[in-house]
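Just so you know, we're using UniProt numbering here: the sequence shown kicks off at 1 and counts up by one.
Virtual Cβ for every residue (Gly too), placed ideally from N, Cα, C.
Predicted, not measured: the structure shown is a model, and the values here were computed from it.
Below: one structure, written as structure tokens.
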Amino acid sequence: MPPLVAFICRRCGHCCQGEGGIVLSGSDIDRLAGHLRLSAEAMLSRYAEHVGGKNRLVTGPDKACIFYDQGCAIHPARPDVCRAWPFFRGNIIDAESHAMAAEDCPGINPEASHAEFARQGSVYLHSRGLARARGPGVPEALADIPTPTEEPDHGPSRFDAS
């Protein structure tokens, strides 16, 4: 029997709202600036804030992403952390974080095991170049993602288990 699909985006916008903030990498800044037809400096001054040594997209008073209005206004140029959701490092290596994300995100399949979610997420991130080594400008959510054959940091399951 084939594995269950662990995530299908419902385009509901749940991930575009709430606390946390979208950390921008250098490539995100360049991509967004090009999409918005602005210089990187103009894009940052209008749509980002510098907090804790990192550039983040600003949010509105409702804590929603400034580019979200019943859909993503920058979807083709969205930041890497948006492209990666819900396959963040914490959700991949920790079953409890995965369960919390699944409570809020209707696209996460509750029938898929955490091990299957982690395997599919790792494959997705690595195949799209979204998984990165920890370093300056790398969003924590995308840093040091285990490859599909590595043991996760927590839990007894292996990503390559069938």
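Contact under 8 Å by Cβ, residue i with residue j
{"i": "A101", "j": "N91", "result": "yes"}
{"i": "R89", "j": "I145", "result": "yes"}
{"i": "N55", "j": "L4", "result": "no"}
{"i": "H35", "j": "I74", "result": "yes"}
Residues of its chain near residue i, where Cβ-Cβ distance is below 7 Å and the 5 sequence neighbours each way are ignored
{"i": "A40", "result": "I29, D30 and A33"}
{"i": "A48", "result": "L24, N55, R56, L57 and V58"}
Burial state of residue i, where buried means 16 or more other Cβ atoms lie within 10 Å
{"i": "D80", "result": "buried"}
{"i": "R128", "result": "exposed"}
{"i": "G21", "result": "buried"}
Cross-strand partners of residue i (DSSP beta bridge)
{"i": "I29", "result": "I29 is not bridged to any residue."}
{"i": "R10", "result": "DSSP output for R10 lists no bridge partner at all."}
Chain-order list of residues whose beta-carbon lies under 8 Å from that of residue i (same chain, five-residue window excluded)
{"i": "P106", "result": "R10, C12 and H14"}
{"i": "A143", "result": "R89, R132, A133, R134 and G135"}
Cut-off 6 Å between Cβ atoms - residues of its own chain near residue i, not counting five sequence neighbours on either side
{"i": "A6", "result": "N109, A112, E116, F117 and Q120"}
{"i": "Y124", "result": "F87"}
{"i": "H114", "result": "A95 and H98"}
CA nearest to the CA of residue i, picked from the options
{"i": "Y68", "options": "I93, L130, G137 and G18", "result": "G18"}
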